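Counting along the sequence shown from 1, when you hit position 193 you're at 193 in UniProt numbering, and nothing is skipped either side. From the three backbone atoms N, C-alpha and C, an ideal C-beta is built for every residue, glycine too. What you are looking at is a predicted structure, and each value in this text was computed from that prediction instead of being measured.
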Amino acid sequence: MSADDDIAAKEAEALFKIHGVDQRSAELAFSHPALGGEDAPVRMRQDGSTSKAFVPGTSTVIWPCAYSLGDYLCDATTAYRAKLGDGVGDATEAARVGAVTADTVAVELGAGLGLGGMVAARLGARHVAITDSTPAAASRNVQANGLGNAHVSELWWRRAAWRRAPKRDGDESESDIDDEPNEVPTAEDAVKPLLASLPDGRAPHIVIGSDICYSQGKQEMQALVDTLAAMCEPSRTTAYVVFEDRGDCCWGTLNHFWTAAESAGLVGDPTPVEDVEIDGKKRSGPGRHNDSERLLLRLTKRAAA
Numbered sequence: 001m002s003a004d005d006d007i008a009a010k011e012a013e014a015l016f017k018i019h020g021v022d023q024r025s026a027e028l029a030f031s032h033p034a035l036g037g038e039d040a041p042v043r044m045r046q047d048g049s050t051s052k053a054f055v056p057g058t059s060t061v062i063w064p065c066a067y068s069l070g071d072y073l074c075d076a077t078t079a080y081r082a083k084l085g086d087g088v089g090d091a092t093e094a095a096r097v098g099a100v101t102a103d104t105v106a107v108e109l110g111a112g113l114g115l116g117g118m119v120a121a122r123l124g125a126r127h128v129a130i131t132d133s134t135p136a137a138a139s140r141n142v143q144a145n146g147l148g149n150a151h152v153s154e155l156w157w158r159r160a161a162w163r164r165a166p167k168r169d170g171d172e173s174e175s176d177i178d179d180e181p182n183e184v185p186t187a188e189d190a191v192k193p194l195l196a197s198l199p200d201g202r203a204p205h206i207v208i209g210s211d212i213c214y215s216q217g218k219q220e221m222q223a224l225v226d227t228l229a230a231m232c233e234p235s236r237t238t239a240y241v242v243f244e245d246r247g248d249c250c251w252g253t254l255n256h257f258w259t260a261a262e263s264a265g266l267v268g269d270p271t272p273v274e275d276v277e278i279d280g281k282k283r284s285g286p287g288r289h290n291d292s293e294r295l296l297l298r299l300t301k302r303a304a305a
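The following block contains the structure:
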């Protein structure tokens, strides 16, 4: 192939992609050496933009941060196992560096197609709960990949009904409406059945999410963070969220997220995905398209005073 042909092919591929990923094809695959390479990918079916079942801006398709999250889990687990040698890893310790062990219990929030959770399951986690408000796509993919150590559950973030309340007159967005409906469950109530379904009925070691912060208002970010905090146990759980900058509204959403996190007792820091270090070293490899625009948010929960 000539240089001109190569450039043309890359341009055609870029035009085919939406948000830097393939949101058109019916079948997708994620591969990584930690999972056995290209011969043993995690396979996903999506209702892409050419499908009658496609719904724009929803969990019917892949979103780019899911790939970056999968890469991070695989890289971190590979490094942790290499450092451990023949030893037996501790799931809480491993979670602090983004790694998965045979004892790891994980939860994915806003899973969409379920890639992050399926990667954790393929890495050998003891149990993975993959959650979304519309779990059909993730359930289909978990079943297709034959993952017996993963289950899919419907989970609405606390006050999800709030953000869907009818818009009032004025300039406020639906997600900033202040009138909370009656009998909306607390975050603790919302996650209680899921936590009870986990091994030993305890909080997970690791909570993950990707592309769950994009252009929402402060109330929806509070709902997400309250749910995330209710999942976490101090000195046990570490949460990782991959965020992508897609414009000014996204930075406003991220600000809402950190404000909500502080009020919910979560502490952490953002690291550009390109600058993330694994065992003190920069990650090798080509990375993903637009990784330079992504942040890895790492959070833990403060112990009660």
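Between which two residues does the alpha helix (DSSP H) carrying R294 extend?
-> Looking at the DSSP string, R294 is not in any alpha helix (DSSP H); the run it does join, the beta strand (DSSP E), is R294 to K301.
Go through its chain and collect everything with a Cβ distance to A29's Cβ below 6 Å, but skip five positions before and after it.
-> P41 and R43
CB-CB under 6 Å to W63, same chain, minus the five flanking residues each way: which ones, in chain order?
-> D211
Alpha carbon to alpha carbon, how far is R294 from R96?
-> 20 Å
Of all the options S292, F243, V242 and A150, which has the alpha carbon lying nearest to the alpha carbon of V128?
-> A150
Is it right to say T186 is buried, meaning 16 or more other beta carbons lie within 10 angstroms of its own, or is it exposed?
-> exposed
DSSP bridge partner residues for T131 (one or two, in chain order) | S153
Helix, strand or coil for W162, going by three-state DSSP, please let me know.
-> With a pLDDT of only 40 at W162, under the threshold of 50, the placement of this residue in the model should not be trusted; the figure read from the coordinates follows. Reduced to three states, the DSSP call for W162 is helix.
Give the secondary structure of Y214 by DSSP, where H, G and I count as helix, E and B as strand, and everything else as coil.
-> coil
Straight-line gap, I206 to N141 (C-alpha atoms, nearest Å) = 21 Å
Express the C-alpha separation of T237 and E154 in angstroms, rounding to a whole number.
-> 21 Å
From the DSSP output, read off the bridge partner residues of residue 316.
-> An answer regarding residue 316 cannot be provided, because it is not within the stretch 1 to 305 covered by the chain.
Between the CA atoms of T60 and R45 - distance to the nearest angstrom = 9 Å
Going straight from the alpha carbon of G85 to that of D75, what length do you get?
-> 16 Å
DSSP state of A9, grouped into three classes?
-> For A9, the predicted model reports a pLDDT of 45, less than 50, meaning its position is unreliable; a value from the coordinates is still stated below. If DSSP states are grouped into helix, strand and coil, A9 belongs with the helices.
Taking just the CA atoms, how far does G285 sit from I177?
-> For I177, the pLDDT reaches just 43, beneath the cut-off of 50, and the residue's location in the model is therefore unreliable, although a value from the coordinates is still provided. Using only the alpha carbons, I get a separation of about 44 Å.
Assign W157 to one of two classes, buried (16 or more other C-beta atoms within 10 Å of its C-beta) or exposed (fewer than that).
-> buried
Apply the 10 Å Cβ neighbour rule to V267 and answer buried if 16 or more other Cβ atoms are within range, or exposed otherwise.
-> exposed
May I ask you to report which of helix, strand or coil DSSP gives A53?
-> coil
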